[in-house]
Amino acid sequence: MSSVSASLLYMVFSLGGVGLYLLLPGGERRRTGAAGAVLGLLAVLALLLVLGARGLVGGSQAFYFYLFSAIAILGASRVVTHRKPVYSAIYFVLVVISTAAMLVLLQAEFLAVALVIIYAGAIIVTYLFVIMLAQQHTETVYDTRAREPLLAVLTGFVLMAAIAGHAGESVSVPAPSAVAARSVEIGGDGSTALPPGNVAAVGAVLMTRYVVVLEIAGVLLLVSMIGAVALSRKRVPYEGAPVPTTPLGQIGREVDPF
Amino acid sequence: MPDGLYNFLTSQFGVSVVLALVVLGVLLGAVAYCIYFERKISAWIQDRWGPNRVGPAGLFQPIADGLKFVFKEDVIPGNVDKPLFIAAPAIMFLVGFIGFAVIPWGGYWEINGKLIDIQVASLDIGLLYILGVASMGVYGVVLGAWSSNNKYSIFGGIRATAQMLSYEIPMGLCILIVVLTLGTVRLEEMIAPQAQYWLGFIPKWNVFLHPIAFVVLFTTMLAEANRAPFDLAEAEQELIGGFHTEYSALKFGMFFLAEYAAMITSSAFLAVLFLGGYHFPGIAWTQPDVTHFGAVLAKILVLSGKVAICIFVMMWVRWTLPRFRFDQLMRLAWSGLIPLMLVLFVWTVVLVYLGEERSPLWALGGNVVALVGTLVYAGLSKAEITGRTSNLPPVQSAQGGAMAGMS
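Chains V and W, in that order, are what the protein sequence lines are.
Per the working numbering, the first sequence runs over residues 288 to 545.
Per the working numbering, the second sequence runs over residues 2 to 408.
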């Protein structure tokens with residue numbers, strides 16, 4: 288497994304960044320989407336070529352890796368560049384599904400399905416629900432104009448570059464079967480005879496080595512759920528109800544700022 | 002038969018490919034005939050004849066319906082969001098049909114000294130896969146509703162989304178109870194523990210351990226498939242069909258077929274989780290350790306029979322029970338099913354801790370206590386059944402008097 292020089296990756300990312308900047312919606316003032324799309328596609332192609340030529344990803348599943356990563360990158364760029372929020376949400380679903388497909392390629396089936404169930408099945412549906420309620424077919428200013436396109440692209444570039452700086456190092460990822468076998472041994476004296484399955488392996492690790500973290504996460508979720516219930520508990524007065532003598536609270540009211 | 006073909010057909014991959022093709026074909030036919038039987042059953046319940054003109058006893062009616070779907074003019078109204086309008090039925094159809102991949106239809110087939118799964122994909126995460134696919138089902142409804150650019154469609158889509166998101170929670174809790182009881186999420190491993198007997202003749206099906214979870218799972222499946230009495234998303238009287246109001250011809254047909262495909266998937270799922278899958282007491286060939294080809298066929302027949310019975314009950318419910326009102330629907334899920342299932346879920350966790358999760362005494366006892374507790378609570382709380390509050394203005398009759406005072 289040979290490494291990729293970081294400077295080559297920086298160049299590819301710069302190309303993609305320029306393309307993304309041109310793609311970001313700028314209202315009536317700027318209509319450079321076509322040029323941006325060409326540049327962005329070039330960047331994705333160059334990235335795949337760089338990774339492929341250096342043999343960073345090989346094996347029989349390489350084709351699917353390139354396919355799903357291309358879908359994920361293009362989908363992700365459409366999430367931020369599309370003018371209609373509903374389409375952005377749909378492209379987000381596409382990103383989640385292709386990421387899940389790549390996790391399946393790594394034999395992390397449990398993570399893949401959890402990603403689909405939680406993100407695509409619950410969170411984005413809720414977003415879509417809100418978008419559907421809030422906005423129909425009219426395009427609004429805040430949808431057709433990116434607020435800080437240059438800063439956003441620069442931030443994304445810095446984040447990607449931080450990852451690319453480590454792309455030169457060869458990282459040895461243990462094979463999934465090895466992970467499964469190792470995690471089964473965690474149960475103390477090695478007497479636990481768990482089947483070396485994906486879910487069993489994840490469960491064994493979560494419930495032994497990371498049990499405190501798991502419980503903290505659970506408590507955090509519980510607290511946020513109670514907070515959500517507390518925030519949304521508001522009396523809705525029906526028509527003809529006695530007018531309250533004390534104000535119900537300031538949320539949603541016209542309040543004089545000075 | 003050439004050796005290469007024989008080897009392919011008796012390998013796991015070959016069996017999976019053949020099974021995928023066969024299952025898809027059979028399902029498309031089964032879905033079409035589900036619609037026929039739905040019409041026949043509704044006719045039987047309403048004391049009518051039902052379809053009886055095309056072929057003997059109307060048996061060719063699905064073919065005529067299919068031809069009509071294909072050859073009708075495919076209207077795409079103006080001002081719809083065209084890409085999503087076209088994509089929505091396709092998404093619905095896809096999601097409706099890929100769930101079958103992990104249903105264990107016929108156990109294991111022993112040939113040439115190898116055991117082969119009669120299952121399209123033997124996934125380690127089989128049950129979670131079905132959950133993931135089911136949770137994607139809402140996209141077809143939401144996108145179809147939104148892209149139609151129609152107020153009624155939007156109402157239908159909003160109702161469907163809220164309903165499906167709400168009913169996924171009790172559904173997940175029911176499934177978790179089964180996972181805790183059997184200790185696996187592989188669907189094919191769930192059948193062997195259920196194929197044993199208590200006292201020599203009562204099968205250890207999960208339905209006898211957790212009857213409440215079984216009933217609640219069936220209810221949530223009706224809600225997830227938007228079937229009556231949970232079909233508020235397409236309430237004809239209020240929404241002219243809801244999310245598929247603007248669809249015609251093949252696109253409408255795809256929504257229609259997807260609904261029945263979802264019914265078949267969820268029935269097979271229910272049969273595997275609670276009704277012992279392909280196992281049937283008294284038929285030796287349906288024991289999981291019998292693996293010759295005849296046994297495989299017998300198992301497929303038994304599982305199909307259970308699926309057919311489930312679907313019949315779904316149709317029976319549809320043509321018997323009136324539709325819920327939307328607030329009743331939400332209250333049923335959030336303040337009825339979810340607390341009840343949470344209690345039973347915690348009880349199952351306690352049983353797993355005690356090592357008694359497969360003992361009928363403890364599990365059934367918990368169910369009886371939960372049921373009695375629910376009834377006592379419902380009786381004591383004195384909540385009005387209809388949900389109509391006394392604060393609403395009384396309904397005015399034609400004579401100008403208040404109807405509310407007459408009763």
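Positions of the beta carbon are idealized from the N, C-alpha and C atoms, including for glycine.
Predicted, not measured: the structure shown is a model, and the values here were computed from it.
For residue j and residue i, the rounded distance between their alpha carbons
i, j, result
"V499 (chain V)", "G505 (chain V)", "10 angstroms"
"F313 (chain W)", "W199 (chain W)", "29 angstroms"
"E74 (chain W)", "A65 (chain W)", "16 angstroms"
"V367 (chain V)", "I384 (chain V)", "17 angstroms"
"Q329 (chain W)", "I159 (chain W)", "16 angstroms"
"P212 (chain W)", "N368 (chain W)", "7 angstroms"
"Y351 (chain V)", "L174 (chain W)", "35 angstroms"
"I99 (chain W)", "P78 (chain W)", "30 angstroms"
"G138 (chain W)", "I92 (chain W)", "8 angstroms"
"P52 (chain W)", "L508 (chain V)", "54 angstroms"
"I117 (chain W)", "P230 (chain W)", "41 angstroms"
"A226 (chain W)", "A263 (chain W)", "6 angstroms"
"V96 (chain W)", "M255 (chain W)", "11 angstroms"
"L271 (chain W)", "L218 (chain W)", "8 angstroms"
"A488 (chain V)", "V76 (chain W)", "52 angstroms"
"I301 (chain W)", "A363 (chain V)", "43 angstroms"
"H369 (chain V)", "M419 (chain V)", "16 angstroms"
"W363 (chain W)", "Q195 (chain W)", "17 angstroms"
"G26 (chain W)", "V32 (chain W)", "10 angstroms"
"V142 (chain W)", "R319 (chain W)", "20 angstroms"
Status (buried if at least 16 other CB within 10 Å, exposed otherwise) for residue i
i, result
"A146 (chain W)", "buried"
"H280 (chain W)", "buried"
"H453 (chain V)", "exposed"
"P289 (chain W)", "buried"
"D82 (chain W)", "buried"
"Y7 (chain W)", "exposed"
"E237 (chain W)", "exposed"
"G323 (chain V)", "buried"
"T479 (chain V)", "For T479 (chain V), the predicted model reports a pLDDT of 45, less than 50, meaning its position is unreliable; a value from the coordinates is still stated below. Burial call: exposed."
"R359 (chain W)", "buried"
"W206 (chain W)", "buried"
"P63 (chain W)", "buried"
"P105 (chain W)", "buried"
Residues near residue i by beta carbon distance below 7 angstroms, same chain, minus five either side
i, result
"I126 (chain W)", "V186"
"P323 (chain W)", "P230"
"A330 (chain V)", "V299, L302, G303, G306"
Any chain W beta carbon closer than 7 angstroms to residue i
i, result
"F416 (chain V)", "yes"
"V366 (chain V)", "no"
"F397 (chain V)", "yes"
"M494 (chain V)", "no"
"V264 (chain V)", "Past the edges of chain V, shown from 288 to 545, lies residue 264 (chain V), and the structure says nothing about it."
"V331 (chain V)", "no"
"G408 (chain V)", "yes"
"E472 (chain V)", "Residue confidence for E472 (chain V) is low, a pLDDT of 45 falling below 50, so the modelled location carries little weight; the figure read from the coordinates is stated next. It does not: the Cβ of E472 (chain V) has no partner Cβ on chain W nearer than 7 angstroms."
"M298 (chain V)", "no"
"V506 (chain V)", "no"
Beta carbon proximity, residue i to chain V, threshold 7 angstroms
i, result
"I126 (chain W)", "yes"
"Y130 (chain W)", "yes"
"S17 (chain W)", "no"
"W147 (chain W)", "yes"
"S136 (chain W)", "yes"
"V303 (chain W)", "no"
"G97 (chain W)", "no"
"V186 (chain W)", "yes"
"V314 (chain W)", "no"
"K55 (chain W)", "In the sequence on display, residue 55 (chain W) carries Val and not Lys. Cβ-Cβ to chain V under 7 angstroms: no for V55 (chain W)."
"G59 (chain W)", "no"
"T11 (chain W)", "no"
"T266 (chain W)", "no"
"T182 (chain W)", "no"
Residues of its chain near residue i, where Cβ-Cβ distance is below 6 angstroms and the 5 sequence neighbours each way are ignored
i, result
"N485 (chain V)", "E396, F397"
"V24 (chain W)", "F101"
"A387 (chain V)", "A399, L402, V403"
"A433 (chain V)", "L311, P312"
"L240 (chain W)", "Y153, F156, G157"
"S267 (chain W)", "M222"
"L85 (chain W)", "L144, S148"
Uninterrupted beta strand (DSSP E) stretches inside the region 103 to 178 of chain W (no shorter than 3 residues): Listed in chain order, they are 109 to 112, 115 to 118.
Residue ranges of each alpha helix (DSSP H) within the region 208 to 273 of chain W, 4 or longer: Runs found: 212 to 225, 237 to 240.
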